[in-house]
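Taking it in order: structure first as structure tokens, then the write-up.
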Amino acid sequence: MSNSTAIVSVLTALLGFPALPAAAEPTAARQKELIHLVRQDCGSCHGMTLKGGLGPPLLPATLADKPVEGLVATIIGGRPGTPMPPWHRFLAEDEAQWIVARLIAGFPK
């Protein structure tokens, strides 16, 4: 086990949420685009403050018991039979992981 894997495992155990494999951090410019996408596009269904609307809230308290991998899969693949569309044409999986990590931590303004 590498040092970084061990550190992630320990932090996961201490913080109580599952770890994702280390993903490349989006560039600062892409992070700004992703924040805008979540606030505007996701916010159109999940509420502009992400407190819910047509879609459920995307707040740390409501996401705490959800498996991280499932949240990433929902972003990438959507939810068939619901209004949740797939975003795989616009987002890479590591970008979806970055979004999920930010949602769990409290999404930036």
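To convert, count from 1 in the sequence shown and add 3; that's the numbering used here. The beta carbon of each residue, even a glycine, is placed where N, CA and C say it ideally should be.
Starting from residue 75, follow the alpha helix (DSSP H) in both directions and report where the run begins and ends.
-> Taking the first residue of the sequence shown as 1, we reach residue 75 at position 72. First-last of the alpha helix (DSSP H) with residue 75: 71 to 80.
Taking residue 46 as part of the alpha helix (DSSP H), name the residues at either end of that continuous run.
-> Numbered from its first residue, the sequence shown carries residue 46 at position 43. Unbroken alpha helix (DSSP H) run through residue 46: 46 to 49.
In the structure shown, what three-state DSSP assignment does residue 171 receive?
-> This structure does not reach residue 171, given that the chain is present from 4 up to 112, and the question cannot be answered.
Look up residue 157 in the DSSP assignment and say whether it is helix, strand or coil.
-> This structure does not reach residue 157, given that the chain is present from 4 up to 112, and the question cannot be answered.
Taking three-plus beta-carbon pairs below 8 Å as touching, is the stretch 75 to 83 in contact with the stretch 28 to 39?
-> no
Can you give me the start and stop residues for the alpha helix (DSSP H) that residue 101 sits inside?
-> By 1-based counting over the sequence shown, the position of residue 101 is 98. 96 to 108 is the extent of the alpha helix (DSSP H) around residue 101.
For chain B, find out if any of its Cβ atoms is closer than 8 Å to the Cβ of residue 44; answer yes or no.
-> No chain B appears in the structure shown, which is made up of a single protein chain.
From 107, 71, 76, 99, pick the residue whose C-alpha is nearest to that of residue 40; which is it?
-> Position 37 of the sequence shown, counting from 1, holds the residue named residue 40. Nearest Cα to residue 40 within the set 107, 71, 76, 99: 99.
Reduced DSSP secondary structure (H/G/I, E/B, other) of residue 67 | On the sequence shown, residue 67 is found 64 positions in, with the first residue counted as 1. In the structure shown, residue 67 sits in coil (DSSP, three-state: anything other than H, G, I, E or B).
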